[in-house]
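Chains A and G supply the protein sequences, listed in that same order.
Everything in the first sequence is counted per this note's numbering, starting at 484 for the first residue and increasing by one.
Everything in the second sequence is counted per this note's numbering, starting at 1017 for the first residue and increasing by one.
Don't be surprised by glycine CBs; every beta carbon is placed ideally from N, CA and C.
Everything numeric in this text was worked out from a predicted model, so none of it was measured.
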Amino acid sequence: MKNILIFLKMAWKTSPAYILVVILSALISSAQIILNIILPKLLIDELIGEKAVARLILFGSAIVWNNVLVKLLQNVIKRYTDAKKKWLSDTMVWQLGEKIMNLEYSYLENPYYLDLKERAVFAIHNQNAIVGFVTTLVNALSGILTLVGLVAIMATLGPILLITIVIASMLILFCYKSSSTRIVKTMAEIIPINRRFGYYFDIALGKQVQKEIRLYEMEHMITGRILEDASATCDEFYAAYRDIGMGIGAMGAVCEFVSAFTYAYVGIRTITDFLGKKLSLGSLGMYVSSAVTFADTISTVGSEIVNLMQQASYLEPYEEFMSLEEETKSDDGVIFEGPVETVEFRKVTFTYPKAEKSVLNNISFEIKRGQKISIVGLNGAGKSTLVKLICRMYKPDSGEILINGRNILEYDYHSYMEEISAIFQDYRLFNFTIEENVSCKSVGSDVQRVGKLLEEVGIAEKIKELPHGIKSQFGKEYDEDGIELSGGQGQKIAIARALYKDASMVILDEPASALDPIAEAEIYEKFNSLVEDKTAIYISHRMSSSVFCDKILIIDGGTISDFDTHDNLMKKTDSLYYKLFMSQAENYKLDDASDTIKNASYLF
Amino acid sequence: MTTNYKVIPMLKRFIKEATAANRGQVKRIFFYTVFATIYPFMAVILPKIAIGIIEVEKEEAARTLVYAMSAYFVVAALLTFFTKTLNQTIQAENMRIRLIFLGRLCNKIQTMDYQYVEDATFYEKNLKAMNACNDNEHGMEGVGRKISLLPAEILSCVGMMVYTCFLSPFVLLAIILHVAVTMWVSKNTHDFQYSKKEELTKAERKRDYYKGTTNDFTFGKDIRIFDLRERILINYRNEIESVTEINRKIANREFVNGFAALLTLFLTNVVMYGILIYKAYNGLSISSFTMYTTLIISLMTNMLRIGEDLAFVRNEGQYVDDFFKFLDEKLIEEGEITEVPEKVEIVFDHVTFRYPNTEKDIFKDFCFTIHAGERLAVVGVNGAGKSTFVKLICGLFAPTKGHIYINGIDISRYSKKCLYSMFGTVFQDFNILAFTIEENVTCTAEKEDETSVYEALESVGLREKVLNFEQGLNQMMLKVVDENGTDFSGGERQKLAIARALYKNAPMVIMDEPTAALDALAETEIYEGFSKLVEGKTALYVSHRLASTKFCDKIALFDNEGVKEYGTHEELMEKKGLYYDMFVVQGKYYQTQEEQTA
């Protein structure tokens, strides 16, 4: 019940007009039902009574107008709600998007919140839960309103009909409840089957695995699994649908009982006054309609209430997500006025949420303004984690990160982020123009600077070939005329974007992984001139890239095993750095080309 | 909306195949039709019986009424019970029929020629056919549901029409007019909606882009670093408004059209109540009056529903028809040779290749030979066509021009099954699937000899790891379908993929750029694993790093024009060409160091 109020409030805040209109529509349909029961009584009584032509015409037209005008009103309402309900769903998802962008980044790497978000979006978009929720709620209210009206009519006949109806209603609700319990049970049973089914089905129909399916003849194994799950699902459903069908059938039988009973009981009262005041044939019709409508409406109300509970449960993930605390918004910190003079890690320990082992363990080091630092370590050593900590995407468990002598968490978030630029290994570009992707501004970007950077990362040529140059729209998702770039080209643009941002510190996490060797080498060589005098942190699997850095930070097993220059590190032949370096160098041994190699190494 | 298919043949085929797939369904539908045709008349005759008794019999009326109502209750209750139960079981079985069709679709897609998989236009063209089995409400099952129920609906409708004529044929005419106009309104609105479809799809795509961008967590970092939040929100809001504007236009059209239906509704009501009141005024009994009112209202509802259902079958039938056409389409081009050779030699003879529906030649007049038993390394920059080369060899694509020969026989003369059997390939984007470890290696659900599976795992160094699982080879991979599933590190997954290729024991092995995301130590291990795999076989190793080339007999350097250089490592270094340059570039920092430490 509490949930229902929360969601109603959410929908109300987004569009009060929509809520008012659907309530109005519910009132109209209740009124129509009641009128359709009362008006025929007046007509019939007139037909067996005085047969006054004027009144016959009056009652006849009342029935006709009741039907036609209500339909007109419904059309007016439908015109409004059709467009508005999609708008409402879209807006709820929009609000979710806003929320996601306001959250502290750490939520976004937590599988729990990823799953929660998926469920929230699924509820709104696929299950159409918010619209369904409002509609069901209103239908339930309208049903209850109708029931009240019908009770009022039937009460004029005395208690016998009412008591019978109440007992019949209880039977109907009982049948309904057992049917819906049956559905819930079946649904719960098929969830795991369905998930499996969906997974194998995606494999069979998707593109991802098709090469291997052909070369390894996997189709029998995969289709076999699909049919197995399909048949299991169907067996479950057959049993459930049969039971549900019997439930619905029983409800139908009860309704038939109500009709037959009412005709018999009220019929006797039109024949004799043995059971009470004698009734007219018009009243007979009215009471029968009331009773039958009551039995119908009670099962509708029952189903709407169950639906309502279900819709509310669909919406729970949305509600949970929307009430997550937003942290990045807080503006109460010290304004960071940059530039970055020093970066210091002081005994920093960090563990990912729910992980058992810490990724970084008591790490301390210091970087000075303008230094170029390379971070080296095995897969999973915590290199990217370190970067995320600097970007305030996570908070250390203990210890602190100081920039210019102050804990970074004390700075105002926005002013702090202005001084930090980054390219991540999983960088994303946006479906804006290339220029906007570099400058991240829709107006007022420095076109010359964009051009110069694109030149330097070595993609200017390619862009000139495009019909719209740097104004070309990127990506086909937004605009079908958008251009697609290869992984390497995209990466170059991402590098340009990281460097365009006027920040005094830049982080490059695997910035060249998608480039071919020549382009990669070019980027390495230009690296120093590209980052200019910015403080730079660089992560790469290519050990060769660390040669040109001022210092190399070696992370091994969550601790810093070394922090020194390349030359010094290579002197320790038992170190991880030496091993990593040599294992790659091994493959590039040149026997007779050492002269050229020496020269090449002094090129920059 | 105009349909471009023949409805009747579609229905015939659907019914034929559905009944062949599920015999019991015919029986169910027959009984349902009998019960469901009669049942609606119960509500119609009830007032006639009950009020009739009251009107006519004065003496024994009360008793007769009680008997009659009891009899009515028994009959109506049984009818409704069986109708509803049958209805539900029919729907459940319709789902089974859909899933049988779905299985056929899965087979079709998994066995069609691979070129279609990478052909975006193919998917666009066949999207409707592929989605025809996707849900309960539309496509195959949607049509199935409707045509199971329609016979009963139509029969009782005909009965009611005849019955209505006893009152007055004018009422029937008015109802027919109203139903026709209502259907026109819905068709016209539908057509209008259809004419807006492209505009709407476009607007929705733009909206969905922003929905995706805001909802996709992987954008999170860049949005924060480059402060794109406000901008994305404003754009997103604008796209939502554009979509709403189009929806509003559609709703408006429906509203305006709706006046036509309102007019006929008014007319029908006037005719119906006018005639009823007139007749009752002139002596029609109240029992008949009530009966006819009920009858006419049921008839109107019934006819409108049939109209909708027929339109539905016609519209959704398009997807059913597309689906059948898709199943019928020949999507495999293959030859007749089925015997798998023991050794494989591959010759590219003036091969030109471009991907379907693209304009750029990946290979142009390309000639090349991989000798039987040779270990070849293919290196080159991104976009030089290395992965395409692999796909051509494996027969996943056919050359646009020229020929590829395997052991001197044109590749197109082999059956696809035979061709695929020749290669143990580890693709760049290999997949570990949510099956058991054993199934991931053997690629079949049949139980295979465990020893050879363990042998394959041994060669890649995974045996110990697998033995440590309580379930051994039956350990499930991945957590998607089984929460007790396990997952391997990047290097181990790669090894498992290699074990799969090894287990296949094909005459040629191919490994395509496997080391993208691995650290230096894991990378070295993989190189060594591959060396074991290739013993005595024709082998192809593709990489954009040069480091892997040393254990190969020959190296081919690809650039955008085709093979730029070819020879042994020593020969190519001697030549001081592009290979040499690349080697120097990639190795120079390492080399410098070595020189210094030496």
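Beta-carbon contacts of residue i that lie in its chain and below 8 Å, excluding the five residues immediately before and after
{"i": "residue 945(A)", "result": "972"}
Same chain, Cβ closer than 6 Å to residue i, neighbours up to 5 away in sequence not counted
{"i": "residue 1114(G)", "result": "1149, 1156, 1157"}
{"i": "residue 1204(G)", "result": "1273"}
{"i": "residue 818(A)", "result": "895, 898"}
9 Å Cβ cutoff, residue i in contact with chain A
{"i": "residue 1063(G)", "result": "yes"}
{"i": "residue 1367(G)", "result": "no"}
{"i": "residue 1443(G)", "result": "yes"}
{"i": "residue 1307(G)", "result": "no"}
{"i": "residue 1481(G)", "result": "no"}
{"i": "residue 1130(G)", "result": "yes"}
{"i": "residue 1570(G)", "result": "no"}
{"i": "residue 1516(G)", "result": "yes"}
{"i": "residue 1060(G)", "result": "no"}
{"i": "residue 1487(G)", "result": "no"}
Residue i at chain G interface by Cβ criterion, 9 Å
{"i": "residue 611(A)", "result": "no"}
{"i": "residue 570(A)", "result": "yes"}
{"i": "residue 709(A)", "result": "yes"}
{"i": "residue 845(A)", "result": "no"}
{"i": "residue 499(A)", "result": "no"}
{"i": "residue 1074(A)", "result": "Residue confidence for residue 1074(A) is low, a pLDDT of 44 falling below 50, so the modelled location carries little weight and cannot support an answer."}
{"i": "residue 782(A)", "result": "no"}
{"i": "residue 932(A)", "result": "no"}
Own chain residues within Cβ distance below 7 Å of residue i, not counting five before or after
{"i": "residue 1010(A)", "result": "1031"}
{"i": "residue 1304(G)", "result": "1064"}
{"i": "residue 1324(G)", "result": "none"}
{"i": "residue 1593(G)", "result": "1581"}
{"i": "residue 607(A)", "result": "572, 575, 576, 613, 801"}
{"i": "residue 1431(G)", "result": "1350, 1351, 1352, 1353, 1354"}
Residues that residue i contacts on chain A, provided the C-beta gap is smaller than 8 Å
{"i": "residue 1252(G)", "result": "577, 580"}
{"i": "residue 1244(G)", "result": "913, 923"}
{"i": "residue 1404(G)", "result": "The premise fails here: residue 1404(G) is roughly 12 Å from chain A at the closest Cβ pair, so nothing lies under 8 Å."}
Contacts that residue i makes with chain G (C-beta to C-beta distance below 8 Å)
{"i": "residue 770(A)", "result": "Those do not exist, as residue 770(A) stays about 12 Å from chain G at its closest Cβ, beyond 8 Å."}
{"i": "residue 1041(A)", "result": "None at all; the shortest Cβ gap to chain G is about 16 Å."}
Within chain A, the residues that residue i reaches when beta carbons sit closer than 9 Å
{"i": "residue 1520(G)", "result": "698, 699"}
{"i": "residue 1478(G)", "result": "Within chain A, no residue comes near residue 1478(G); the closest Cβ sits about 18 Å away, beyond 9 Å."}
Per-residue contacts from residue i into chain G (C-beta, under 7 Å)
{"i": "residue 539(A)", "result": "1293, 1297"}
{"i": "residue 604(A)", "result": "1231"}
Within chain A, partners of residue i - CB distance below 7 Å
{"i": "residue 1111(G)", "result": "717, 720"}
{"i": "residue 1247(G)", "result": "925"}
{"i": "residue 1077(G)", "result": "754"}
Chain-ordered chain G contacts of residue i [CB-CB under 9 Å]
{"i": "residue 903(A)", "result": "1241"}
Original post:
What are the residues of the region 913-924 of chain A that lie near chain G, defined by any Cβ-Cβ distance shorter than 8 Å?
Top reply: 913, 914, 923
Subject >> Length-filtered (3 minimum) beta strand (DSSP E) runs lying within the region 926-1007 of chain A >> reply: 988-992
Original post:
Could you give the uninterrupted runs of the alpha helix (DSSP H) lying entirely in the region 871-922 of chain A, keeping only those of 4 residues or more?
Top reply: 896-900, 917-922
Original post:
Counting only runs that start and end within the region 1388-1458 of chain G, where is the alpha helix (DSSP H) found for 4 or more residues in a row?
Top reply: 1402-1409, 1432-1437, 1453-1458
Original post:
Any residues in the region 572-593 of chain A with a beta carbon nearer than 8 Å to a beta carbon of chain G? Which ones, in chain order?
Top reply: 573, 574, 576, 577, 579, 580, 581, 583, 584, 585, 588, 591, 592
Original post:
Residue ranges of each alpha helix (DSSP H) run of no fewer than 4 residues wholly in the region 644-728 of chain A, ordered along the chain?
Top reply: 693-698
Original post:
Between the region 1211-1240 of chain G and chain A, which residues of the former have CB atoms less than 9 Å from a CB of the latter, in chain order?
Top reply: 1218, 1221, 1222, 1223, 1224, 1225, 1226, 1227, 1228, 1229, 1230, 1231, 1232, 1233, 1234, 1235, 1236, 1237, 1238, 1239, 1240
Original post:
Along the region 1043-1055 of chain G, what residues have a CB closer than 8 Å to any CB found in chain A?
Top reply: none
Original post:
Relative to chain G, which residues along the region 641-657 of chain A have a C-beta separation below 7 Å, given in chain order?
Top reply: none
**OP:** Compile a chain-ordered list of the residues in the region 1144-1158 of chain G whose CB is closer than 7 Å to at least one CB of chain A.
**Re:** 1146
Subject >> Under 9 Å (Cβ pairs) to chain G, residues found in the region 862-881 of chain A >> reply: 862, 863, 864, 871, 874, 875, 876
Original post:
Which of the residues in the region 547-564 of chain A, read from start to end, lie with their CB under 8 Å from any CB of chain G?
Top reply: 547, 550, 551, 554, 555, 558, 559, 561, 562, 563
Original post:
Using Cβ-Cβ distances below 8 Å, what residues of the region 687-706 of chain A are close to chain G?
Top reply: 687, 688, 690, 691, 692, 693, 694, 695, 696, 697, 698, 699, 700, 701, 702, 703, 704, 705, 706
Original post:
Relative to chain A, which residues along the region 1341-1356 of chain G have a C-beta separation below 7 Å, given in chain order?
Top reply: none
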